[in-house]
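Residue numbers (my numbering): 14 to 475. Just so it is clear, CB atoms sit at the ideal spot from N, CA and C, and this is done for glycine as well. The block underneath contains the structure these notes are about, expressed in structure tokens.
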Amino acid sequence: LGGRAKTEIARSRPTRAMLARQVLTSALRSSRRRLRGTSGAKASLCTIPEAAKKAAEQAKDYRDAHSVQPEEAKAEAASASTSEVDSLEGIIGRNVVQGQDKEEMMRILYGGSPTPLPGVDKAAEKAKSMGMDFAAYKVPALEEQSRAPRLVRIAAIQNTIAAETSLPVLEQRNALYDKIEQMVNVAAMAGANVLCLQECWTGPFFFCTREKQPWMEFAESASKGDSFHFISELARKHRMVIVSPILERDDHKKTIWNTAVVVDQNGRYMGKHRKNHIPRVGDFNESTYYMEGDTGHPVFDTIYGKIGINICYGRHHPLNWMMFGLNGAEIVFNPSATVGKLSEPLWPIEARNAAIANHYFAVAINRVGTEVFPNEFTSGDGGPAKKAFGHFYGSSYVAAPDGSRTPGLSRVDDGVLITEVDLNMCQQVRDKWLFNQTARFDMYAEALEDYMDPDFEPQTIR
Numbered sequence: 014l015g016g017r018a019k020t021e022i023a024r025s026r027p028t029r030a031m032l033a034r035q036v037l038t039s040a041l042r043s044s045r046r047r048l049r050g051t052s053g054a055k056a057s058l059c060t061i062p063e064a065a066k067k068a069a070e071q072a073k074d075y076r077d078a079h080s081v082q083p084e085e086a087k088a089e090a091a092s093a094s095t096s097e098v099d100s101l102e103g104i105i106g107r108n109v110v111q112g113q114d115k116e117e118m119m120r121i122l123y124g125g126s127p128t129p130l131p132g133v134d135k136a137a138e139k140a141k142s143m144g145m146d147f148a149a150y151k152v153p154a155l156e157e158q159s160r161a162p163r164l165v166r167i168a169a170i171q172n173t174i175a176a177e178t179s180l181p182v183l184e185q186r187n188a189l190y191d192k193i194e195q196m197v198n199v200a201a202m203a204g205a206n207v208l209c210l211q212e213c214w215t216g217p218f219f220f221c222t223r224e225k226q227p228w229m230e231f232a233e234s235a236s237k238g239d240s241f242h243f244i245s246e247l248a249r250k251h252r253m254v255i256v257s258p259i260l261e262r263d264d265h266k267k268t269i270w271n272t273a274v275v276v277d278q279n280g281r282y283m284g285k286h287r288k289n290h291i292p293r294v295g296d297f298n299e300s301t302y303y304m305e306g307d308t309g310h311p312v313f314d315t316i317y318g319k320i321g322i323n324i325c326y327g328r329h330h331p332l333n334w335m336m337f338g339l340n341g342a343e344i345v346f347n348p349s350a351t352v353g354k355l356s357e358p359l360w361p362i363e364a365r366n367a368a369i370a371n372h373y374f375a376v377a378i379n380r381v382g383t384e385v386f387p388n389e390f391t392s393g394d395g396g397p398a399k400k401a402f403g404h405f406y407g408s409s410y411v412a413a414p415d416g417s418r419t420p421g422l423s424r425v426d427d428g429v430l431i432t433e434v435d436l437n438m439c440q441q442v443r444d445k446w447l448f449n450q451t452a453r454f455d456m457y458a459e460a461l462e463d464y465m466d467p468d469f470e471p472q473t474i475r
């Protein structure tokens, strides 16, 4: 099979027929073996029914071996979601007076009332028919005499998982492929130029379990894996730059990484960034699977602007945000997976602070929903064992260099957020506030160098 056919097989994922999925998966594996020349005798598609039968039997055995049944998982996840409030903005809208008081409140809290983006009615209708949240805003900059506006439409996607975690890995992944394709199509209908998915979007956020199997099967090559081929086709189809955060398997170093892959508007692999800061708090047992990244703070110079990716926990580290800015980023995405009890009070602040301090647009993206796992796990806090991580509260938003921000998406539903920005604002705000000019980088560089010395003595006066 040729590369195109290989891509099509990797993307084939009927949602209603488990047998068909296993058939196509077997075909993909056969085609890969032929491409690599490691299959021995010539493979033939006439062997697919036998492979499918065997795969179906294995899938049944896999389900039977796990303790969570689909209905039990659905009930637990649904119960958790229905107990959550819809959004902060929903609470404000139901309880705050209208008129001038509301305008003042929005000015103080959000930097002003959001400006709706016109011309996206069809995308909004499509999103509504799919049961997802959809919002579209514009963030204008000042009109300049010497530069034309640099308008870019940013898309942020947040989503729940699409299949129970007790199902086979490929079925979970393919169900997410179906969902994400539809959501990207909605973003394209709204004219999105640059789009980012949530952290490790190809599967559930299983790191709480500390289990290696079957979860490590979600890991894949950044530039050759199935998700790259899937995203590459969408990027090329819509002439869209897409940031695809995945669990990466580095076959050269034999290591696992939390990685964001950047695919350009032609479907070309531009490069990747690996997560710089790994949490060791609560149920975020991510260091069981991978360690800190080794790619620095790369900025990708796309046709729509210079973008960086600060993955999840890195948002708690101001220097991490700063380095993307020093490398010239105009948009920094923060694909995340975080739960309400741990971080929600921090969520509306951190990306917005970064946008202000570094003169770029910051895009905070969080997954949504409650994910229930087959086996119980403990949190190391003396509490009882459980099967659910907690509620991922969505609330994705875009923050601008001038301190304004969009309202957040839903806390409970899948959502697409479109924000049209003028990248000229980055320089305009930098010229206004002169943060780079007054930053005293030399002073702090010297102080940090001193701090790293084992004989460092704090500058303390008694």
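Are the beta-carbon atoms of residue i and residue j separated by less than 7 Å?
i, j, result
"Tyr373", "Val165", "no"
"Gln111", "Arg380", "no"
"Tyr282", "Ser356", "no"
"Leu218", "Ala398", "Here residue 218 turns out to be Phe, not Leu, going by the sequence shown. Cβ atoms of Phe218 and Ala398: not closer than 7 Å."
"Gln472", "Ala154", "no"
"Asn347", "Ala364", "yes"
"Phe337", "Gly321", "yes"
"Val199", "Ile167", "no"
"Thr185", "Gly216", "Here the sequence assigns Gln to residue 185, which means Thr is not the residue at that position. Against a cut-off of 7 Å, the Cβ pair of Gly216 and Gln185 comes out as a contact."
"Ala169", "Ile378", "yes"
"Pro162", "Asp435", "yes"
"His290", "His330", "yes"
"Val429", "Ala140", "yes"
"Phe390", "Thr178", "no"
"Ala375", "Ala342", "no"
"Tyr123", "Arg453", "no"
"Pro227", "Val182", "yes"
"Asp264", "Ser392", "no"
"Arg160", "Asn437", "yes"
"Ala205", "Ala188", "no"
"Thr173", "Gly403", "no"
Sort the options by Cα distance to residue i and report the nearest one.
i, options, result
"Thr301", "Glu343, Phe220, Gly216 and Pro181", "Phe220"
"Ile259", "Arg249, Pro127 and Gly284", "Gly284"
"Tyr150", "Ala203, Lys141, Ile362 and His265", "Ala203"
"Pro420", "Asp426, Tyr410, Gly428 and Pro414", "Tyr410"
"Trp270", "Ala232, Glu246, Gly295 and Ala401", "Ala232"
"Lys319", "Ser257, Ile344 and Met335", "Ile344"
"Leu447", "Glu470, Pro414 and Glu138", "Pro414"
"Val294", "Gln450, Pro127, Ala201 and Lys354", "Lys354"
"Asp307", "Ile324, Lys400 and Arg287", "Arg287"
"Val133", "Ala201, Tyr190 and Gln158", "Ala201"
"Lys225", "Asn187, Asn298, Trp214 and Gln158", "Asn298"
"Ser126", "Glu102, Pro467 and Gly395", "Glu102"
"Leu130", "Leu122, Gly124 and Val152", "Val152"
Which two residues bound the contiguous beta strand (DSSP E) that contains residue i?
i, result
"Val110", "Run containing Val110: none; DSSP gives neither H nor E here."
"Pro331", "Looking at the DSSP string, Pro331 is not in any beta strand (DSSP E); the run it does join, the alpha helix (DSSP H), is Pro331 to Leu339."
"Pro348", "Ile344 to Ser349"
Starting from residue i, trace the alpha helix (DSSP H) both ways and give me its first and last residue.
i, result
"Glu462", "Phe454 to Tyr464"
"Asn279", "Where Asn279 is concerned, there is no enclosing alpha helix (DSSP H), given that its DSSP letter is neither H nor E."
"Asp314", "Where Asp314 is concerned, there is no enclosing alpha helix (DSSP H), although the beta strand (DSSP E) it sits in stretches over Phe313 to Thr315."
"Gly124", "From DSSP, Gly124 is part of no alpha helix (DSSP H); its letter is neither H nor E."
"Phe243", "Asp239 to His251"
"Gly353", "Gly353 to Ser356"
"Pro361", "Trp360 to Asn371"
"Lys135", "Asp134 to Ser142"
In terms of DSSP beta bridges, what is residue i paired with?
i, result
"Arg328", "None; Arg328 has no bridge partner."
"Tyr406", "Val381"
"Cys209", "Ala169 and Val256"
"Val199", "Val199 pairs with nothing; no bridge assigned."
"Glu389", "Glu389 pairs with nothing; no bridge assigned."
"Trp270", "Glu261"
"Glu433", "Lys151 and Arg166"
"Ile322", "Phe346"
"Ala401", "Val385"
"Lys285", "Val274"
"Phe374", "Ile344"
"Arg418", "Ala412"
"Pro129", "Tyr150"
"Glu233", "Glu261"
Validate contact between the segment 132-146 and the segment 192-199 using beta carbons, cut 8 Å, 3 pairs: Between the segment 132-146 and the segment 192-199, the count of Cβ pairs shorter than 8 Å is three or higher; the stretches touch.
Contact between the segment 363-373 and the segment 385-392 (3+ Cβ pairs under 8 Å): no
Touch test, the segment 236-247 against the segment 266-276, Cβ-Cβ under 8 Å, three pairs minimum: yes
Stretch pair the segment 389-408 + the segment 421-438: three plus CB contacts closer than 8 Å: The answer is yes - the segment 421-438 touches the segment 389-408, with three or more Cβ pairs under 8 Å.
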